[in-house]
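Engineer: Protein chains in written order, with my numbering: chain A, 314 to 623; chain B, 314 to 623.
Ideal placement from N, C-alpha and C gives every residue a C-beta, glycine not left out.
For clarity, every value in this text was computed on a predicted model and none was experimentally measured.
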């Protein structure tokens with residue numbers, strides 16, 4: 314395939330995965346699935362569905378599904394693990410958008426959860442989504458082997474917690490109110506935690522589900538780390554020169570807030586060079602897995618992440 | 314033993330467990346334990362430790378430890394599971410105290426987390442604690458059998474989520490702004506979710522860790538449900554007639570807010586009669602386990618929960 318066909322083929326797979334993820338999330342969050350002794354709090358469930366359904370490229374679940382496929386595993390397990398990861402991603406957006414945090418009114422072109430509902434409901438919706446993600450992972454429907462399920466829980470908790478996403482958000486908030494701007498190493502650490510940890514988990518989850526050997530799993534983790542870093546530089550570049558309509562949020566907000574980004578520190582051209590180098594690094598890691606052509610979709614994912622326009 | 318000696322013996326055990334839990338929580342939340350590629354966000358960790366350490370009777374971990382002991386299991390496993398549960402309890406207090414939720418300034422006689430730190434830090438501290446609880450449960454240090462660990466994760470996620478604690482908090486907030494006061498059944502459902510689910514999980518966790526047979530596990534769950542209901546009526550009674558100094562927060566707040574409580578609905582005397590009946594129900598369930606004298610401490614726990622003054 315030439316580059317254009319390759320990209321088209323990739324978009325086809327990404328869209329198909331997104332449709333499957335949307336359907337599964339809808340089912341996991343259906344009132345009839347969430348059965349129990351009583352009727353669920355309707356408004357809270359509505360807010361959870363609002364924050365989770367009907368949007369996004371579903372890149373993280375796609376990476377779980379494609380990574381698991383490298384090891385011959387498809388179907389319910391990777392789909393459920395991908396949905397659990399997407400729930401954590403969505404919860405983090407809901408909490409990050411809160412007035413006490415980034416105070417955003419718009420997300421994916423729609424009012425943020427606390428605007429569409431109210432702050433208390435948004436806080437609880439995030440809490441419930443985070444909690445439900447672990448429910449989904451620990452459920453035997455995700456994998457028959459309890460050791461796989463326990464490992465998924467452990468890996469997600471570490472990626473999402475104090476040493477990962479939540480810690481990164483705390484560093485980000487601290488940087489905004491600090492006197493001294495972050496240096497390059499501090500920005501890279503912050504981004505590796507805040508955005509990178511969940512993207513790394515996506516490919517790690519595929520390796521855990523597919524019982525990858527240790528060497529292959531470690532190589533995939535390197536791919537995930539490079540992809541995550543590329544994703545974040547691309548995000549900074551998009552914020553600096555992006556189109557508000559495509560982004561579904563205002564562009565230029567990072568600079569306005571004095572937020573530490575690589576674009577701000579290195580300039581636009583150096584940031585783009587770094588992004589391209591990270592894509593090459595991600596693809597080189599894939600080649601080292603020895604899995605050959607099977608990794609073509611993940612290679613395309615690295616290119617896509619770097620060059621996306623929203 | 315007579316009733317007084319029994320109560321003294323119980324308090325001794327409760328205090329010893331609380332000391333062990335405090336020490337283990339301190340170790341689990343030590344900067345050196347939470348090692349990773351980078352230094353953790355110091356202020357966030359400080360807020361997490363503030364919200365978790367140095368307070369509380371540690372009733373929930375105590376129930377995990379005593380329930381597991383019924384099945385001959387002691388040591389690291391029940392202690393870690395108890396600490397994970399306590400982290401979820403502490404996170405829920407931090408989020409419930411937020412201005413958008415119950416808007417409380419005081420907790421256990423100290424400023425609430427968002428007062429001592431700030432709102433963003435309090436939200437993230439709660440998120441990190443909830444996430445870390447699942448990390449602790451899924452870690453092989455909690456139990457060598459992965460199926461036990463996965464079951465603990467599943468049970469805690471269900472107790473803490475939409476169908477449990479978070480759902481109960483949503484119902485509580487909805488009730489405060491509703492036109493029509495809750496009826497008795499609605500109050501009982503709300504309380505079984507908001508407070509009861511975690512207390513039920515405590516004894517369920519003991520049964521999961523100790524590989525209890527299904528009949529014994531089900532009987533213990535009934536004990537946990539009765540104990541949880543007794544706990545909540547006792548709470549309502551304390552709020553109505555309690556002493557602010559002992560409570561570490563203002564008394565009479567429920568009535569002020571028009572919060573739905575059994576005391577408000579039934580009156581103080583009927584609420585006390587209900588509380589006492591629930592204690593008897595809890596003790597009757599213990600007798601049905603066929604474990605005899607081994608259940609004496611849990612029986613005392615039911616009496617303690619009902620008659621505590623803070």
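(1) For residue 447 (chain B), return the contacting residues in chain A, with the cut-off set at a CB-CB distance below 7 Å.
(2) Which stretch, first to last residue, makes up the alpha helix (DSSP H) that contains residue 491 (chain B)?
(3) Please go through the region 377 to 433 of chain B and give each complete alpha helix (DSSP H) segment of 4 or more residues, from N-terminal end onward.
(4) Take residue 533 (chain B) and list the residues in its own chain whose beta-carbon comes closer than 6 Å to its own, dropping the five residues that flank it on each side.
(5) Given a limit of 8 Å on CB to CB distance, which residues of the region 379 to 402 of chain B reach chain A?
(6) Just curious, the alpha helix (DSSP H) that residue 464 (chain A) is in, first and last residue?
(7) Between the Cα of residue 384 (chain A) and those of A:524, A:366, A:376, A:464, spot the shortest distance and give me the residue it belongs to.
(8) Give the interface partners of residue 592 (chain A) over in chain B, defined as CB-CB distance under 9 Å, in chain order.
(9) Note down, in chain order, each residue of its chain lying with its Cβ closer than 8 Å to the Cβ of residue 469 (chain B), except the 5 sequence neighbours on either side.
(10) Can you tell me whether DSSP reads residue 337 (chain B) as helix, strand or coil?
(11) Would residue 380 (chain A) be called buried (16 or more neighbouring beta carbons within 10 Å of its own) or exposed?
(12) Leaving out the 5 sequence neighbours to the left and right, which residues in its chain are closer than 7 Å to residue 333 (chain A) when beta-carbon positions are compared?
(13) Taking the alpha carbon of residue 362 (chain B) as the point to measure from, which residue in B:426, B:417, B:389 has its own alpha carbon closest?
(14) Near residue 319 (chain B), which residues of its chain fall below 8 Å by C-beta distance, leaving aside the five closest residues on each side in sequence?
(15) Using a Cβ-Cβ cut-off of 6 Å (strictly less than) and excluding sequence neighbours within five positions of residue 530 (chain A), which residues of its own chain qualify?
(16) Check whether the region 315 to 331 of chain A and the region 359 to 374 of chain A touch, using three or more Cβ-Cβ pairs below 8 Å as the test.
(17) Would residue 516 (chain B) count as contacting chain A if we go by Cβ distances under 8 Å?
(18) Mind listing the chain A neighbours of residue 433 (chain B)? Cutoff is C-beta to C-beta under 7 Å, in chain order.
(19) Could you check whether the Cβ of residue 322 (chain B) sits closer than 8 Å to any Cβ belonging to chain A?
(20) Could you compute how far the alpha carbon of residue 539 (chain B) sits from the alpha carbon of residue 616 (chain B)?
(21) Can you check whether the C-beta of residue 479 (chain B) is within less than 8 Å of a C-beta belonging to chain A?
(22) Could you tell me the alpha carbon to alpha carbon distance between residue 437 (chain B) and residue 453 (chain B), rounded to whole angstroms?
(23) Can you tell me which of B:599, B:604, B:551 puts its alpha carbon nearest to the alpha carbon of residue 588 (chain B)?
(24) Below 7 Å, is the gap between the Cβ of residue 474 (chain A) and the nearest heavy atom of the ligand NAP?
(25) Contact check, residue 440 (chain A) vs residue 407 (chain B) under 8 Å by CB: the rounded distance?
(26) Give me the residue from A:605, A:581, A:572, A:619 with the minimum Cα distance to residue 415 (chain A).
(27) If you reduce the DSSP assignment to three classes, tell me which class residue 322 (chain B) lands in.
(28) Since residue 572 (chain B) is in the alpha helix (DSSP H), which residue starts that stretch and which ends it?
(29) Would residue 373 (chain A) pass as an interface residue toward chain B - the criterion being a Cβ-Cβ separation below 8 Å?
(30) On the criterion of 16 or more Cβ atoms from any shown chain inside 10 Å, does residue 507 (chain A) qualify as buried, or is it exposed?
(31) Determine, using beta carbons only, whether residue 356 (chain B) comes closer than 8 Å to chain A.
(32) Compute the Euclidean distance between the alpha carbons of residue 512 (chain A) and residue 535 (chain A), then round it to the nearest angstrom.
(33) Quick check on DSSP: helix, strand or coil for residue 374 (chain A)?
(34) Tell me, please, whether the CB atom of residue 535 (chain A) is closer than 8 Å to any CB atom in chain B?
(35) Compute the distance between the beta-carbons of residue 460 (chain B) and residue 487 (chain A), then report whether it is under 8 Å.
(36) If the cut is a Cβ gap below 7 Å, which residues of chain A does residue 474 (chain B) touch?
Structural biologist: By the coordinates alone:
(1) Position 134 of the second chain, counted from the start, is the residue given in the question as residue 447 (chain B). Under the 7 Å cutoff, chain A gives 447, 466, 470.
(2) In the second chain, counting from the first residue as 1, residue 491 (chain B) sits at position 178. Looking at the DSSP string, residue 491 (chain B) is not in any alpha helix (DSSP H), and its letter there is neither H nor E.
(3) 389 to 409, 426 to 429
(4) On the second chain, residue 533 (chain B) is found 220 positions in, with the first residue counted as 1. Closer than 6 Å at the Cβ level, and outside the excluded window around residue 533 (chain B), lie 516, 520.
(5) none
(6) Residue mapping note: residue 464 (chain A) aligns to position 151 of the first chain, counting from 1. Here the alpha helix (DSSP H) through residue 464 (chain A) covers 459 to 473.
(7) In the first chain, the residue the question calls residue 384 (chain A) occupies position 71. Of A:524, A:366, A:376, A:464, the residue nearest in Cα terms is A:524.
(8) As a first step, residue 592 (chain A) is located in the first chain; it is residue number 279 there, counting from the start. By Cβ distance, chain B contributes nothing, its closest Cβ being about 22 Å from residue 592 (chain A), past 9 Å.
(9) Working through the second chain from its first residue, we reach residue 469 (chain B) at position 156. So the qualifying residues of the chain are 397, 398, 401, 446, 447, 450, 514, 518.
(10) The residue given as residue 337 (chain B) occupies position 24 in the second chain. Correct three-state label for residue 337 (chain B): helix.
(11) Taking the first residue of the first chain as 1, we reach residue 380 (chain A) at position 67. So residue 380 (chain A) counts as buried.
(12) Within the first chain, the letter at position 20 stands for residue 333 (chain A). Same-chain partners within the cutoff: 392.
(13) Position 49 of the second chain, counted from the first residue, corresponds to residue 362 (chain B). Measuring from the Cα of residue 362 (chain B), the nearest candidate turns out to be B:426.
(14) Along the second chain, one-based indexing puts residue 319 (chain B) at 6. Answer for residue 319 (chain B): 609, 613, listed in chain order.
(15) By one-based count along the first chain, residue 530 (chain A) stands at place 217. Cβ neighbours of residue 530 (chain A) beyond the five flanking positions: 520.
(16) Put simply, the region 315 to 331 of chain A touches the region 359 to 374 of chain A. At least three CB pairs are less than 8 Å apart.
(17) Counting from 1 along the second chain, the entry for residue 516 (chain B) is found at position 203. Closer than 8 Å: no.
(18) Along the second chain, one-based indexing puts residue 433 (chain B) at 120. 413, 414, 486, listed in chain order.
(19) Within the second chain, the letter at position 9 stands for residue 322 (chain B). False, the Cβ-Cβ gap to chain A never drops below 8 Å.
(20) Walking along the second chain from the start, residue 539 (chain B) turns up at place 226. Walking along the second chain from the start, residue 616 (chain B) turns up at place 303. For residue 539 (chain B) and residue 616 (chain B), the distance between alpha carbons rounds to 11 Å.
(21) Residue mapping note: residue 479 (chain B) aligns to position 166 of the second chain, counting from 1. So yes, residue 479 (chain B) belongs to the interface.
(22) Here residue 437 (chain B) refers to the residue found at position 124 when the second chain is read from its first residue. Here residue 453 (chain B) refers to the residue found at position 140 when the second chain is read from its first residue. Approximately 26 Å, taken between the alpha carbons.
(23) Reading the second chain from its first residue, position 275 is the one you call residue 588 (chain B). Relative to the Cα of residue 588 (chain B), the nearest Cα in the group B:599, B:604, B:551 belongs to B:551.
(24) This structure does not include the ligand NAP; it has no bound ligands of any sort.
(25) Here residue 440 (chain A) refers to the residue found at position 127 when the first chain is read from its first residue. Here residue 407 (chain B) refers to the residue found at position 94 when the second chain is read from its first residue. Incorrect: roughly 11 Å between the Cβ atoms, too far for contact.
(26) As a first step, residue 415 (chain A) is located in the first chain; it is residue number 102 there, counting from the start. Its Cα nearest to that of residue 415 (chain A), the residue A:572 stands out among A:605, A:581, A:572, A:619.
(27) If you number the second chain from 1, residue 322 (chain B) lands on position 9. Helix at residue 322 (chain B).
(28) Residue mapping note: residue 572 (chain B) aligns to position 259 of the second chain, counting from 1. Where residue 572 (chain B) is concerned, there is no enclosing alpha helix (DSSP H), given that its DSSP letter is neither H nor E.
(29) The count along the first chain starts at 1 and reaches residue 373 (chain A) at position 60. Not closer than 8 Å to any Cβ of chain B, the Cβ of residue 373 (chain A) fails to qualify, so no.
(30) For the purposes of this step, residue 507 (chain A) is identified with residue 194 of the first chain, where counting begins at 1. Around the C-beta of residue 507 (chain A), 16 or more other C-beta atoms lie within 10 Å, and the residue is accordingly described as buried.
(31) Residue 356 (chain B) sits at position 43 when you count from the first residue of the second chain. By this cut-off, residue 356 (chain B) is an interface position.
(32) On the first chain, residue 512 (chain A) is found 199 positions in, with the first residue counted as 1. On the first chain, residue 535 (chain A) is found 222 positions in, with the first residue counted as 1. The alpha-carbon atoms of residue 512 (chain A) and residue 535 (chain A) are separated by roughly 11 Å.
(33) Stepping through the first chain from its first residue, residue 374 (chain A) is reached at position 61. Three-state DSSP puts residue 374 (chain A) in a helix.
(34) Within the first chain, residue 535 (chain A) is the residue found at index 222, counting from 1. Not closer than 8 Å to any Cβ of chain B, the Cβ of residue 535 (chain A) fails to qualify, so no.
(35) Indexing the second chain from 1 puts residue 460 (chain B) at position 147. Indexing the first chain from 1 puts residue 487 (chain A) at position 174. For residue 460 (chain B) and residue 487 (chain A), no; Cβs fall outside 8 Å.
(36) For the purposes of this step, residue 474 (chain B) is identified with residue 161 of the second chain, where counting begins at 1. Close partners of residue 474 (chain B) in chain A (Cβ separation under 7 Å): 441, 444, 445, 448.
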